[in-house]
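Q:
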Amino acid sequence: MSETTTIPAPPQAKKVPTTRTHHGDTVTDPYEWLRDKESPEVIDHLTAENSYTDAVTADQEALREAIFAEIKHRTVETDLTVPSRRGGFWYFTRTIEGEQHPVYCRVPVSAPDTETAGAQALESWTPPDVEPGVALDGEVTYFDTNAEATAHAFYQLGGMSIDESGRLLAYCEDTTGDERHTLRFRDLTTGENLPETVEDVHGAAVLDPTGSRAYYMVADEAWRPWRLYVHTLGTDASADRLLLEVANEQLWTGFGLSSDKREMIILSGNSEYDESRLLDLTDADAEPVLLIPAGRRLLHSVDPIELDGERKLLITHNAEGPNNALSLTTAEALAAQSADGRQAEAELDLGATVLPHEDTAKLEGVTVTAAQVLVSARRDTVESVQLLSLDTLRQVRDGGAAVPTSSLPGPDFEEELFTCAVTSAEHEAPMFRVLYTSWFTPPRIYDIPHAATSDDGAAPTPILRRETPVQDVDLSAYRATRIWAPGDGTAPDGSPVQVPVTVMHHRDVAPDGTNPTLVYGYGSYEISMDPSFGIPRLSLLDRGIVFAIAHVRGGGELGRWWYEDGKKLTKTHTFTDFLSATDRLVEAGWADPARIAALGGSAGGLLMGAIANMAPEKYTAIVAQVPFVDNLTSILDPDLPLSALEWEEWGNPIQDAEVYAYMKSYSPYENVRDTRYPAIAAVTSLHDTRVLYVEPAKWVQVLREHQQGDAPVVLKIEMDGGHGGASGRYESWKERAWDYAFLAHHLGAAERRF
0 MSETTTIPAP
10 PQAKKVPTTR
20 THHGDTVTDP
30 YEWLRDKESP
40 EVIDHLTAEN
50 SYTDAVTADQ
60 EALREAIFAE
70 IKHRTVETDL
80 TVPSRRGGFW
90 YFTRTIEGEQ
100 HPVYCRVPVS
110 APDTETAGAQ
120 ALESWTPPDV
130 EPGVALDGEV
140 TYFDTNAEAT
150 AHAFYQLGGM
160 SIDESGRLLA
170 YCEDTTGDER
180 HTLRFRDLTT
190 GENLPETVED
200 VHGAAVLDPT
210 GSRAYYMVAD
220 EAWRPWRLYV
230 HTLGTDASAD
240 RLLLEVANEQ
250 LWTGFGLSSD
260 KREMIILSGN
270 SEYDESRLLD
280 LTDADAEPVL
290 LIPAGRRLLH
300 SVDPIELDGE
310 RKLLITHNAE
320 GPNNALSLTT
330 AEALAAQSAD
340 GRQAEAELDL
350 GATVLPHEDT
360 AKLEGVTVTA
370 AQVLVSARRD
380 TVESVQLLSL
390 DTLRQVRDGG
400 AAVPTSSLPG
410 PDFEEELFTC
420 AVTSAEHEAP
430 MFRVLYTSWF
440 TPPRIYDIPH
450 AATSDDGAAP
460 TPILRRETPV
470 QDVDLSAYRA
480 TRIWAPGDGT
490 APDGSPVQVP
500 VTVMHHRDVA
510 PDGTNPTLVY
520 GYGSYEISMD
530 PSFGIPRLSL
540 LDRGIVFAIA
550 HVRGGGELGR
560 WWYEDGKKLT
570 KTHTFTDFLS
580 ATDRLVEAGW
590 ADPARIAALG
600 GSAGGLLMGA
610 IANMAPEKYT
620 AIVAQVPFVD
630 NLTSILDPDL
640 PLSALEWEEW
650 GNPIQDAEVY
660 AYMKSYSPYE
670 NVRDTRYPAI
680 AAVTSLHDTR
690 VLYVEPAKWV
700 QVLREHQQGD
710 APVVLKIEMD
720 GGHGGASGRY
730 ESWKERAWDY
740 AFLAHHLGAA
750 ERRF
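If you read the sequence shown in numbering that gives the first Met the number 0, its first letter stands for residue 0, the second for the next number, and so on.
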């Protein structure tokens, strides 16, 4: 920035004292009035914040443009996905250069439809070869998101559902960013929308296989999905039937179809326990049947399976231990135990154990097919797919012993650190599909034949369908390694806690103590930061920046205990793990202690606020994306969006004085102090319903009041976006370029080195 450029004074919000009192503690908040986003004065203030941010970061514009151009250049803009077969069509999406959103396409299946085993059946499930920008014979665009988005500043799909015949499409659209969707229906034989709509739908809707009914959720005032409705096509939405109301304010309800689409699975839960129900989709008048009530305090999921003509249930649950087990039972057996209040009188019988609890393997869940059960499990931080045969299920059903998850076979991959996840497993298909990726392997799509289709009984060989292309980059020029940082306390086996840290760098960057370094973290809700490829990250690595990910407690990388040791009254482990990871990067020579930045979003934004207060001297710059930095105020108000649901993650400070005091001890907004803070950018969206914009808006005000140094504190707010920012891929790239440019600028690493 030129020395003659004048930076305006930062916006100063007026102070209007608001008090709250809990457990004998009275807090006065001068900026709570900023919560009223309908106030013109609030909007004027936020607009002024954007203007100030533009002025402060004007000298980063060229760097932003350069990073955006690099992302755009390396991305194959006219691209496509591998077609997936459902019924008589292959479905896929195309992206077109210059267009923000994907285009949804399909083409009729041309291979002979056969139920015979072997190569002929595999052939009928082999996707057609599709070329970017070249239409297939018979290809139809059934939904052009770009055309739908034209009339709106923001446009995002909440989900799509197509009936078994391929005739009817149900889709939910959000045109403001507040996640309040309109449900619409389209006749795919004519391409015309039906006249009926349903307003204020939460998330996605699901069609029953016949396309005669649509199921959807409605949220309460706290933005918690709590009512499940069914809409009969051809009727007015006012006549929709209420199937279920979940009054427990601590339960979030979701639903989906069983693998054979005969039943709907309804799961209401939080991070510590669930309540499950089944709905018979073959009966239009059926009501949900309660299987396992919330009173059992069991964390679980339910997957129906047909075994030798008998309807069974696979239950993934934590009754045997925190890393889960898998049991085989029936809906009738569970429903009987839930009837007439008898669940309080006896221990819950979940049937025969198929996969027992293991300390070294976390069972994440299962996917049922007609040929076998696909088991998602995590070992040594890596999540992959194991194969559970129907013969093993039969043996257990007939009294045989359980089989350890770690002993199950699965596809082998060469890399040590990778992610392999099931993306498609049609019930009757002779294969299933996985997505494979690692830190420097672009996403690959593999189809893996079921073991039953192998002629010699050998483990099936994955068939590579596609690797996402990346332009003009030598991916062999980058490296990823893992180091470990000491954490407070001990692991369940009594050994000292060790925090895994992923270190990514250009091959010509050495651990010599001179490198600018960015440390990323999240650490909440048992969400793991698994290996995944990202084009934007390359722009930082090419500038000589080391990109490190601290896999802190509160995530799920090392099993359930890793999560439980970073929540509620152990939440500060998340923060101390991050600081320890930062120190370890310095000790190992990867980071220059004078040039370290930090990045995190949402609950990771809370992490950013906490470490800024705890050790501001360790960081040169911090970017906090949609940051949860006024967490105590939010969770103290059960009427705010999602607050009551958060009690199982953070504790209930309304009822528990200890939780209140603990949360107040680390709440970023309430612990800002007089010190030299690093450069801080809080990035948010006006219409975010998950972390309200008011939290970072208030936070930057108090940061500036206590800032003892010269580093800027800025608020960047997207006025037309939601929790994920603006809509459209180009806008997303611009936002990422803005964040990375802010960090690279303050790290003194604006110029490309490689």
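C-beta: ideal position from N, C-alpha, C; glycine also. Quick caveat: nothing in here was measured; it's all calculated off a predicted structure.
On a CA-only basis, which of L250, G555, G86 is nearest L761? Give me that one, please.
A: The structure shown does not extend to residue 761, since the chain is modelled only from 0 to 753, so the question has no answer here.
Q: Pop quiz: M613 and L578 are said to be a contact at Cβ under 8 angstroms. What is the actual Cβ separation, rounded to whole angstroms?
A: Going by Cβ atoms, the distance from M613 to L578 rounds to 7 angstroms, so yes, they are a contact pair.
Q: Identify which residue in H201, T175, R183 has its Cα closest to the Cα of R212.
A: Nearest C-alpha to R212: R183.
Q: Nearest to K552 by CA position, among S523, L327, I544, is which residue?
A: Position check: residue 552 holds Arg in this sequence, whereas Lys was assumed. Cα-wise, what sits closest to R552 is S523.
Q: Between which two residues does the alpha helix (DSSP H) carrying K733 extend?
A: Start and end: 728 to 745.
Q: Throw me the rounded Cβ distance for the W802 and R63 pair, which I believe falls under 8 angstroms.
A: Only positions 0 to 753 of the chain appear in this structure, which leaves residue 802 out of reach.
Q: Excluding five sequence neighbours on each side, which residues of the same chain lie with their C-beta closer than 6 angstroms to the C-beta of K14?
A: The answer, listed in chain order, is P29.
Q: May I ask you to report which of helix, strand or coil DSSP gives E274?
A: Correct three-state label for E274: strand.
Q: Using a 10 Å radius around the Cβ and a threshold of 16 neighbouring Cβ atoms, would you call P667 buried or exposed?
A: Buried, because 16 or more other Cβ atoms sit within 10 Å of the Cβ of P667.
Q: Note down the Cα distance separating L474 from A335, rounded to an integer number of angstroms.
A: Their Cα atoms are separated by approximately 57 angstroms.
Q: Between the C-alpha atoms of N651 and V628, what's the straight-line distance to the nearest angstrom?
A: Their Cα atoms are separated by approximately 17 angstroms.
Q: Could you give the DSSP three-state label for V41: helix, strand or coil?
A: In this structure, V41 counts as helix in the three-state DSSP scheme.
Q: When the Cα atoms are used, what is the spatial distance from E525 to G364?
A: Rounded to the nearest angstrom, the two C-alpha atoms are 14 angstroms apart.
Q: Using CA coordinates, which residue listed in A283, S257, L250 is at the minimum distance from G268?
A: Looking at the Cα atoms, L250 is the closest of the given residues.
Q: I'd like to know whether the C-beta atoms of E271 and A643 end up nearer to each other than 9 angstroms.
A: Against a cut-off of 9 angstroms, the Cβ pair of A643 and E271 comes out as no contact.
Q: Can you tell me which of the three DSSP states G650 falls into?
A: Coil, per DSSP.
Q: Which residues does DSSP list as the beta-bridge partners of K361?
A: DSSP output for K361 lists R377 as bridge partner(s).
Q: DSSP state of R703, grouped into three classes?
A: Looking at R703 - three-state DSSP - the assignment turns out to be helix.
Q: Alpha carbons only, please: which of R310, A150, I6, T140 is nearest the one belonging to V102?
A: Among R310, A150, I6, T140, the Cα nearest to that of V102 is on T140.
Q: Give the secondary structure of V658 by DSSP, where H, G and I count as helix, E and B as strand, and everything else as coil.
A: V658 falls in the helix class under three-state DSSP.
Q: Could you tell me whether the stretch 346 to 362 touches the stretch 416 to 434, where touching means 3 or more Cβ pairs closer than 8 angstroms?
A: No: the two stretches stay apart, fewer than three of their Cβ pairs being nearer than 8 angstroms.
Q: How far does the beta strand (DSSP E) with W251 in it extend, from its first residue to its last?
A: Per DSSP, W251 belongs to the beta strand (DSSP E) from 251 to 256.
Q: Tell me which residues share the same chain as E466 and place their Cβ nearer than 6 angstroms to its Cβ, disregarding the 5 neighbours each side in the sequence.
A: These residues qualify, in order along the chain: P441, R443.
Q: Are the beta-carbon atoms belonging to R559 and P321 less than 9 angstroms from one another?
A: Closer than 9 angstroms, so yes.
Q: Could you name the residues of the same chain whose beta carbon sits closer than 7 angstroms to that of L289, not counting the 5 residues immediately before and after it, in chain order?
A: So the qualifying residues of the chain are R276, A334, S337.
Q: Quick check on Q706: buried or exposed, where buried means 16 or more other Cβ atoms within 10 Å of its Cβ?
A: The residue is buried, with at least 16 neighbouring Cβ atoms inside 10 Å.
Q: Would you list the one or two residues that DSSP bridges to M503?
A: Answer is A479, F546.
Q: Roughly how far, in whole angstroms, is the beta-carbon of R105 from the beta-carbon of W89, given that I think they are within contact range, below 8 angstroms?
A: Indeed they touch by this definition, with Cβ atoms about 6 angstroms apart.
Q: Could you give the DSSP three-state label for R470: helix, strand or coil?
A: Note on residue identity: the sequence assigns Gln, not Arg, to residue 470. Coil at Q470, not helix or strand.
Q: Between the alpha carbons of T632 and Y521, how many angstroms are there, rounded?
A: T632 and Y521: Cα-Cα distance of roughly 21 angstroms.
Q: Could you tell me the distance, in whole angstroms, from the CA atom of G202 to the CA atom of I161?
A: One C-alpha to the other measures close to 16 angstroms.
Q: Can you have a look at I61 and say buried or exposed, based on whether 16 or more other CB atoms are within 10 angstroms of its CB?
A: Per the sequence shown, residue 61 should be read as Ala rather than Ile. Exposed, because fewer than 16 other Cβ atoms sit within 10 Å of the Cβ of A61.
Q: Touch check for the stretch 536 to 551 and the stretch 385 to 394: three-plus C-beta pairs under 8 angstroms?
A: No: the two stretches stay apart, fewer than three of their Cβ pairs being nearer than 8 angstroms.
Q: Would you tell me roughly how many angstroms separate the C-alpha atoms of L606 and G398, rounded to the nearest one?
A: So the two alpha carbons sit approximately 49 angstroms from each other.
Q: What residue range does the beta strand (DSSP E) around M159 cover?
A: That run of the beta strand (DSSP E) goes 155 to 161.
Q: If you check the beta carbons only, do L306 and R226 fall under 9 angstroms apart?
A: Contact: no.
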